[in-house]
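Written out below as structure tokens is the structure these notes cover.
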Amino acid sequence: MPKADHLQGALELLVLKILRRGPTHGFAIATYIETSSDEVLRVEEGSLYPALHRMTESGLLKAEWRMTDAGRRARFYQLTARGKTRLAETEARWHDVTAAVAKVLRTI
Amino acid sequence: MSLWTRLARTFRRSSHDAEIDEEIAFHLAMRAAQSDDARAARLKFGNPEVVREDTRAAGILVWLDTLARDVRYAVRQLRRNWVVTAAVVGSLVLGITANTTIFTLVNTALLKPLPVADPAQLQLLEWRSAGWPDALCDSHSGNTDGSPSTFLQGSSMSPDVHRRLAATQTAASALIGFSDNQDVIISLRGRGAEQASLQYVSTNYFPALGVTPLVGRSHAAADDKIGAEPAVVISHRLWQRLFGGRKDVIGDPIRINGIAATVVGVAPPQFFGLSVGSWVDLYVPLAARVTLTRSPDDTRPLAEEAKYWWVRQVVRLKPGADPEGTRQVLNQQFRQLVVPEGLTLDPSKVPNLVSLPAVRGFDSIGGNEGEALLVMLLLVSLVLLIVCANVANLLLARAVGRQRESAIRLAIGASRGRLVRQHLVESLLLAFAGGALGLWGAHLLSRGIEVLLRQANGPTLDLALDGRILLYTVAIAVACALLFGLAPAFRAARADVQDSLKAHGRGLTTGHLRLPRLLVGAQMALCLAVLVAAGLLGRSLANIRLTDLGFDREHLLYASVNPWRSGMPASQVDGYVTRLQEELSRIPGVRRVGTIGSRPMSGSSSMTSAHLAGRPYRDDGSDGILLNDLGPGVIETLGLRLVGGRSFEPRDIRQGADAVLVDERFVRRFYPEGNALGQRFGTSREDTTSQVIVGVVSNSRYRSLRDEDLMPTMYRPMLASQDRGSTVHFVIRTAIDSPGLANDVRQAAARINPDVPVTEFSTQSGLVDRLLQTERILTLVSRAFSIVAVALAAVGLGGLLFYAVTRRTNEIGIRMAMGAAPGDVARMVMRDSLWLVAGGAVLGIPATYLLARTLKSQLIGVTSTDPPTTAAALGILLVVALLAAWLPARRAAAIEPTAALREQ
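The listed protein sequences derive, respectively, from chains X and W.
Counting in this note's numbering, the first sequence runs from 59 upward without gaps.
Counting in this note's numbering, the second sequence runs from 51 upward without gaps.
Given below as structure tokens:
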């Protein structure tokens with residue numbers, strides 16, 4: 059069983075968001091999260107790959123083997139229609155929640 | 051992804067694993083290329099093995115784990131709401147117990163194959179011919195089915211033809227011969243006589259059926275010899291009852307109808323013979339019939355009558371053989387064998403074999419009883435639907451209470467599908483708990499029914515639990531879970547996150563309980579249907595029971611003796627009967643005594659056809675008449691009226707006498723001008739003169755209570771000695787019902803001849819009740835079901851009204867604050883209740899007529915749309931509506947407006 063992951067929801071959201079830009083492989087996803095968060099968010103591979111597979115199983119992503127630009131075989135992930143809807147939902151909820159939290163923080 | 055692919059993946063790991071390995075390898079390679087340090091990359095990655103395991107597990111384990119979590123969560127929820135849980139499981143147990151019990155009966159009576167090896171290979175062989183094959187057969191035991199003039203189908207053939215066909219045929223694996231079940235009296239040394247059921251069987255009966263005796267052996271070919279002492283295989287039941295299950299029973303003597311026989315084997319416990327519903331206790335070879343039915347003063351040489359057909363046949367097909375092909379081959383042989391040498395017969399007069407599937411044996415329960423069982427199954431299913439509606443409402447009420455919980459779960463990311471699944475898991479747990487307890491309940495109830503049937507001399511059924519019953523129970527449990535679980539599940543999943551959380555859990559009077567109301571309305575409709583069905587069946591039974599028999603059935607008793615079975619010579623039988631009749635009439639309280647051949651309404655009757663000179667003979671039953679034998683004094687004892695001519699005189703009562711009495715129906719049918727007295731008629735094709743009508747008696751019913759079975763009847767003078775082997779029934783008219791009479795009769799019989807016991811003692815009303823056994827059981831069961839249905843519907847209705855009042859406390863408070871009197875509020879609740887019942891009735895009346903149509907064949911003297919019955923059922927529902935509304939109405943009326951408003 060995968061370890062309990064407190065940021066699982068967030069990781070899922072990030073993965074979806076990144077894949078929104080187009081299909082890519084696990085390593086690129088991990089790298090992108092790390093670089094675009096200025097290395098604040100470090101992605102554990104031990105969480106990333108189980109998450110990718112879980113999301114594939116539940117139909118949010120679909121995966122296929124393709125060649126990278128460097129000519130290596132890699133597993134590319136891509137958003138499905140369900141993944142896109144899920145992204146919209148989770149993103150909206152995330153904004154609501156963070157806005158609410160920010161509001162609370164401001165008022166106290 | 052389906053469950054199957056998930057499971058398959060856990061076992062077929064390799065290719066999937068390889069993919070994961072490759073993916074991880076790629077990641078590591080990329081990381082290494084980036085940092086130029088493979089080791090660092092590997093360290094950073096962590097243990098690839100663990101990552102791989104975790105990744106692989108994501109599919110199957112997530113699925114299994116959430117299921118396990120659902121179950122744990124469900125158990126916790128159910129335990130927390132244990133009152134609701136107990137109520138739900140309790141109602142389910144009630145419904146499923148009743149349902150499974152009835153299905154157990156249906157299963158045994160109508161579905162279960164014979165307890166033999168490969169029952170599907172068995173085919174019953176009967177014959178069919180154009181008209182009666184008089185040249186070959188003059189007497190037939192078993193079933194004959196005469197379809198108008200085109201053909202006649204018979205079940206049996208002569209033992210000789212059977213033996214020769216069985217010995218020469220090679221088309222089938224085996225040809226088995228056997229008789230109908232016969233009632234005999236058995237006795238052991240040191241034990242009183244008792245009644246048992248015997249079957250004559252061919253010696254290959256047990257081996258060909260694949261039934262191995264538990265103790266001893268089955269019959270050997272040498273046992274089937276005329277004149278030999280009968281070798282008996284006894285049933286497991288008889289072995290237990292009479293021999294206490296002794297292993298050394300083999301070789302023990304046993305007397306059958308007073309004739310010595312030897313026990314050679316014991317049948318296995320579940321084997322009852324080839325006829326579902328009757329249990330054979332003794333199996334003896336075909337040839338033993340000569341020995342066992344012979345009277346002691348018969349001096350003719352021992353032989354089987356060639357033209358008496360009484361052996362039924364079952365054929366075991368060769369594996370994979372086609373029944374029709376086998377029948378054709380056997381038929382050719384049969385048509386040659388059945389015509390004795392030296393006789394030439396028009397081929398159209400020679401019977402042809404027909405074959406019928408025998409997977410369930412012969413003469414199985416069917417027809418009326420089968421239909422009655424299916425009606426019961428239908429009614430009990432309606433009761434189960436009512437249970438489901440109740441349970442659904444309970445769960446709905448709880449789902450509303452859990453709306454906040456659902457909303458929170460949705461808010462933290464659970465999908466609606468997960469919520470539906472969670473609720474369905476709860477429903478399934480409830481249903482399986484109810485199913486398991488219900489199965490146990492049904493098992494106990496079936497045992498009880500077995501005992502009751504045995505005590506009531508009803509059909510003997512093996513009601514043991516089997517796979518089919520288990521499957522049925524699981525199926526209805528799952529169906530129930532879906533029925534009562536889906537609505538609450540979707541209700542929960544529909545929970546509106548925003549609203550529920552905003553409303554501070556203070557349930558607004560959201561909606562108008564639309565679904566619960568619909569469910570209660572449906573309950574009322576189902577309840578109405580069950581009530582109408584029970585009412586119709588009850589009225590029908592009352593009608594048929596009160597049918598005029600044509601004589602007074604009160605204070606009328608029958609005592610039956612069979613002097614032949616104790617070995618009395620024919621020459622003494624008539625004297626014995628006369629003396630016993632005199633002795634019986636001397637018993638205090640007895641007014642008159644007579645003798646009769648067949649007791650009215652006893653279920654046994656004789657039929658023949660009348661043949662009048664100048665009228666074409668019809669053997670298709672359209673000129674069929676009933677036949678009964680009347681002894682001295684019986685017309686007066688029964689109270690039949692002599693409408694014309696004279697009664698029997700001593701000169702009529704002799705061998706070969708031609709005087710007969712007929713009833714008025716006979717006269718109306720055959721002599722419409724009314725000039726029946728002195729006329730002659732016959733009872734076969736060649737005969738138009740053998741009987742002369744000397745008197746006409748009033749109509750009575752003798753064979754059946756149903757009008758469509760009424761037939762003209764002729765009565766012959768009874769001469770006990772003439773009917774070898776048959777039972778003599780004394781008709782006794784008493785002044786009052788005296789409980790000691792049976793004993794007085796037994797003592798009188800013992801005074802005349804201590805060797806001849808009274809084998810049966812019955813009252814006319816008792817015989818009528820026995821004839822109506824199926825109808826009585828059906829009425830009783832449907833009445834019980836309707837009581838359960840009404841109780842369940844009342845609880846459902848009352849619960850809903852209570853719930854509605856609780857939810858409307860506010861509103862009611864405001865109404866009262868604005869000047870509504872408590873009476874107004876109570877009336878409001880009552881009105882609500884009546885509306886629900888009215889809605890149910892609107893739904894229910896068409897449903898009721900549909901149900902009643904299926905009952906049609908069970909109804910006598912009442913139409914399926916009988917208005918009084920429907921009105922009475924509606925009346926009962928109305929009372930239920932008022933009673934169920936009473937408590938909630940009082941509760942509503944007692945609401946304190948100030949308190950109700952302050953609560954807000």
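Glycine is no exception: its CB is placed at the ideal position from the N, C-alpha and C atoms.
Bear in mind that the values here come from a model prediction, so they are computed numbers and not experimental data.
With Arg766 of chain W and Asp679 of chain W assumed to form a contact (beta carbons below 8 Å), what rounded beta-carbon distance in angstroms separates them? On the second sequence, residue 766 of chain W is found 716 positions in, with the first residue counted as 1. On the second sequence, residue 679 of chain W is found 629 positions in, with the first residue counted as 1. Rounded, the Cβ-Cβ distance is 5 Å, consistent with contact.
Option in X:Leu77, X:Val73, X:Lys120 and X:Arg79 with minimal Cα separation from Val101 of chain X: As a position in the first sequence, residue 101 of chain X is number 43, starting the count at 1. Taking only the C-alpha atoms, the option nearest Val101 of chain X is X:Val73.
Continuous alpha helix (DSSP H) stretch holding Thr716 of chain W: start and end: To locate residue 716 of chain W, count along the second sequence from 1; it is residue 666. Note on identity: in this sequence residue 716 of chain W is Phe, with Thr being the wrong assignment. Segment Glu714 to Phe720, the alpha helix (DSSP H) holding Phe716 of chain W.
Let me make sure I understand the geometry here. Which of W:Ser268, W:Ala770 and W:Arg753 has the alpha-carbon closest to that of Leu630 of chain W? For the purposes of this step, residue 630 of chain W is identified with residue 580 of the second sequence, where counting begins at 1. Looking only at W:Ser268, W:Ala770 and W:Arg753, the smallest Cα-Cα distance to Leu630 of chain W is reached by W:Ala770.
Thr158 of chain W burial status per 10 Å Cβ neighbour count (16 or more: buried): What you label residue 158 of chain W is simply residue 108 of the second sequence in a count that begins at 1. Classification for Thr158 of chain W: buried.
For my contact list, Pro257 of chain W and Gly315 of chain W are in at a C-beta cut-off of 8 Å; report their separation, rounded to the angstrom. Indexing the second sequence from 1 puts residue 257 of chain W at position 207. Indexing the second sequence from 1 puts residue 315 of chain W at position 265. Incorrect: roughly 12 Å between the Cβ atoms, too far for contact.
To the nearest angstrom, how far is the alpha carbon of Val778 of chain W from that of Val643 of chain W? Looking up residue 778 of chain W in the second sequence gives position 728. Looking up residue 643 of chain W in the second sequence gives position 593. Distance between the alpha carbons of Val778 of chain W and Val643 of chain W: 13 Å.
I'd like to know if Gly84 of chain X contacts chain W, where contact means its C-beta is closer than 7 Å to some C-beta of that chain. Against the first sequence, residue 84 of chain X aligns to sequence position 26. Judged by the 7 Å Cβ criterion, Gly84 of chain X is in contact with chain W.
With a 10 Å radius around its C-beta and 16 neighbouring C-beta atoms as the bar for buried, classify Trp182 of chain W as buried or exposed. Here residue 182 of chain W refers to the residue found at position 132 of the second sequence. Label assigned to Trp182 of chain W: buried.
Pull the bridge partners of Pro767 of chain W from the DSSP assignment, please. Stepping through the second sequence from its first residue, residue 767 of chain W is reached at position 717. Looking at the DSSP assignment, Pro767 of chain W forms a beta bridge with W:Leu680.
How close, in whole Å, do the beta carbons of Phe540 of chain W and Val441 of chain W come, if the pair is a contact with beta carbons under 8 Å? Here residue 540 of chain W refers to the residue found at position 490 of the second sequence. Here residue 441 of chain W refers to the residue found at position 391 of the second sequence. The Cβ separation is near 16 Å, so there is no contact.
Would you please verify whether the beta carbon of Phe134 of chain X is less than 7 Å from any beta carbon of chain W? For this step, residue 134 of chain X is matched to residue 76 along the first sequence. Cβ-Cβ to chain W under 7 Å: no for Phe134 of chain X.
Using three-state DSSP, classify Thr82 of chain X as helix, strand or coil. Within the first sequence, numbered from 1, the residue matching residue 82 of chain X stands at position 24. Strand, per DSSP.
How should Lys906 of chain W be labelled, buried or exposed, when 16 other C-beta atoms within 10 angstroms of its C-beta is the threshold for buried? For this step, residue 906 of chain W is matched to residue 856 along the second sequence. Looking at its Cβ environment, which holds fewer than 16 other Cβ atoms inside 10 Å, Lys906 of chain W is exposed.
Which runs of the alpha helix (DSSP H) at least 4 residues long sit entirely within the stretch 70-133 of chain X? Give them in chain order. 84-94 and 103-115
As a quick exercise: from W:Pro209, W:Ile306, W:Arg178 and W:Glu419, pick the residue whose alpha carbon is nearest that of Arg239 of chain W. Position 189 of the second sequence holds residue 239 of chain W. The shortest Cα separation from Arg239 of chain W among W:Pro209, W:Ile306, W:Arg178 and W:Glu419 belongs to W:Ile306.
Determine the chain W residues that contact Arg130 of chain X at a beta-carbon separation under 9 Å, and present them in chain order. Residue 130 of chain X sits at position 72 when you count from the first residue of the first sequence. Within 9 Å Cβ-Cβ: Phe76, Ala79 and Met80.
Please tell me whether Val261 of chain W has its Cβ less than 7 Å away from any Cβ of chain C. Of the protein chains in this structure, namely X and W, none is chain C.
Own chain residues within Cβ distance below 8 Å of Gly498 of chain W, not counting five before or after: Reading the second sequence from its first residue, position 448 is the one you call residue 498 of chain W. Excluding residues within five positions, none has a Cβ falling inside 8 Å.
Name the chain W residues whose beta carbon is nearer than 9 Å to that of Glu167 of chain X? Chain X is shown only over 59 to 166; residue 167 of chain X falls outside these bounds and no answer can be derived.
Using CA atoms only, rank isn't needed, just tell me which of W:Gly294, W:Val450 and W:Ser398 is closest to Pro566 of chain W. For the purposes of this step, residue 566 of chain W is identified with residue 516 of the second sequence, where counting begins at 1. Out of W:Gly294, W:Val450 and W:Ser398, W:Val450 has the C-alpha closest to the C-alpha of Pro566 of chain W.
So Thr969 of chain W and Ser496 of chain W are supposed to be a Cβ contact under 8 Å. How far apart are they, rounded? The structure shown has nothing for residue 969 of chain W, since chain W only spans 51 to 954.
In the DSSP assignment, find the unbroken alpha helix (DSSP H) run with Met657 of chain W in it and report its ends. Within the second sequence, numbered from 1, the residue matching residue 657 of chain W stands at position 607. From DSSP, Met657 of chain W is part of no alpha helix (DSSP H) but of the beta strand (DSSP E) over Ser656 to Ser659.
So, Ser405 of chain W versus Arg377 of chain W, is the Cβ gap smaller than 7 Å? By 1-based counting over the second sequence, the position of residue 405 of chain W is 355. By 1-based counting over the second sequence, the position of residue 377 of chain W is 327. Yes, the Cβ-Cβ distance between Ser405 of chain W and Arg377 of chain W is below 7 Å.
Report the neighbours of Glu421 of chain W on chain X: residues whose CB is nearer than 9 Å to its CB, in chain order. Start at 1 with the first residue of the second sequence, and residue 421 of chain W comes out as number 371. None at all; the shortest Cβ gap to chain X is about 51 Å.
Using the three-state DSSP reduction, which class does Tyr667 of chain W fall into: helix, strand or coil? Position 617 of the second sequence, counted from the first residue, corresponds to residue 667 of chain W. Three-state DSSP puts Tyr667 of chain W in coil, outside helix and strand.
If you measure from the beta carbon of Glu455 of chain W to each beta carbon in chain X, is any gap under 7 Å? Position 405 of the second sequence holds residue 455 of chain W. False, the Cβ-Cβ gap to chain X never drops below 7 Å.
At 4 residues or longer, what runs of the alpha helix (DSSP H) sit wholly inside the stretch 596-663 of chain W? 620-635
With a cut-off of 7 Å, does the C-beta of Glu73 of chain W fall near any C-beta of chain X? Within the second sequence, the letter at position 23 stands for residue 73 of chain W. Yes, Glu73 of chain W counts as interfacial toward chain X.
Would you call the CB atoms of Tyr250 of chain W and Ser237 of chain W closer than 7 Å? What you label residue 250 of chain W is simply residue 200 of the second sequence in a count that begins at 1. What you label residue 237 of chain W is simply residue 187 of the second sequence in a count that begins at 1. The answer is no: Cβ separation not under 7 Å.
Examine the Cβ distances between the stretch 829-839 of chain W and the stretch 636-652 of chain W and report whether three or more of them are shorter than 8 Å. no
Is DSSP giving Thr376 of chain W helix, strand or coil here? Residue 376 of chain W sits at position 326 when you count from the first residue of the second sequence. In the structure shown, Thr376 of chain W sits in a helix (DSSP, three-state: H, G or I).
Are the stretch 672-688 of chain W and the stretch 576-589 of chain W touching, with three or more C-beta to C-beta distances below 8 Å? no
Please classify Lys162 of chain W: is it buried, with 16 or more other beta-carbons within 10 angstroms of its beta-carbon, or exposed? For the purposes of this step, residue 162 of chain W is taken as residue 112 along the second sequence, with counting starting at 1. Lys162 of chain W should be labelled buried.
Flag this pair as yes or no: are the beta carbons of Ser616 of chain W and Gly308 of chain W separated by less than 7 Å? Working through the second sequence from its first residue, we reach residue 616 of chain W at position 566. Working through the second sequence from its first residue, we reach residue 308 of chain W at position 258. Taking 7 Å as the Cβ cut-off, Ser616 of chain W and Gly308 of chain W qualify as a contacting pair.
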